[in-house]
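The structure under discussion appears below in the form of structure tokens.
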Amino acid sequence: MSERPKIAVSACLVGQKVRHNGDDAEFRVISREWSNYLEIMPICPEVGIGLSVPRPKIRLVKTAGRLSLVNPDNGEELTNKMLEYAEIQSDLLSLAGISGFVFKKESASCGLDRVNVY
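All you need for our numbering is the position in the sequence shown, starting with 1, plus 135.
Structural data, given as structure tokens:
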């Protein structure tokens, strides 16, 4: 029998309470149905760079043409931490044989669609 394909999924979508407010955004089709056929590898970039749960909601901010990831509560610049995390994580996921990704929409750290830029 062959291995199940592996996909990386935003951890909050599989029921992990890692969102900024300490909640999840579980998408039950992934956690209860897809998991029967796929190996799910949950990832949370914000927790991965050491942010706590709960935490202030981080934002993408564009200043002078430069996009940055920022904690608006204290102005902490998180861009370099996130870039380092993404580089390491992409290597690890590649070595793990990831076949695809499912990211949380509207998330400053993983969203590909409908992400607010301030």
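Just so it is clear, CB atoms sit at the ideal spot from N, CA and C, and this is done for glycine as well.
Could you check the C-alpha separation between L186 and F236 for me, to the nearest Å?
22 Å
Is the region 172-183 close to the region 148-159, with three or more CB pairs under 8 Å?
yes
Applying the criterion that 16 or more other CB atoms from any shown protein chain within 10 Å of the CB defines a buried residue, is S145 buried or exposed?
buried
Buried or exposed for S234, going by 16 or more other Cβ atoms inside 10 Å?
exposed
Minimum C-alpha distance to M217 - residue among N209, S170, K141, R194:
R194
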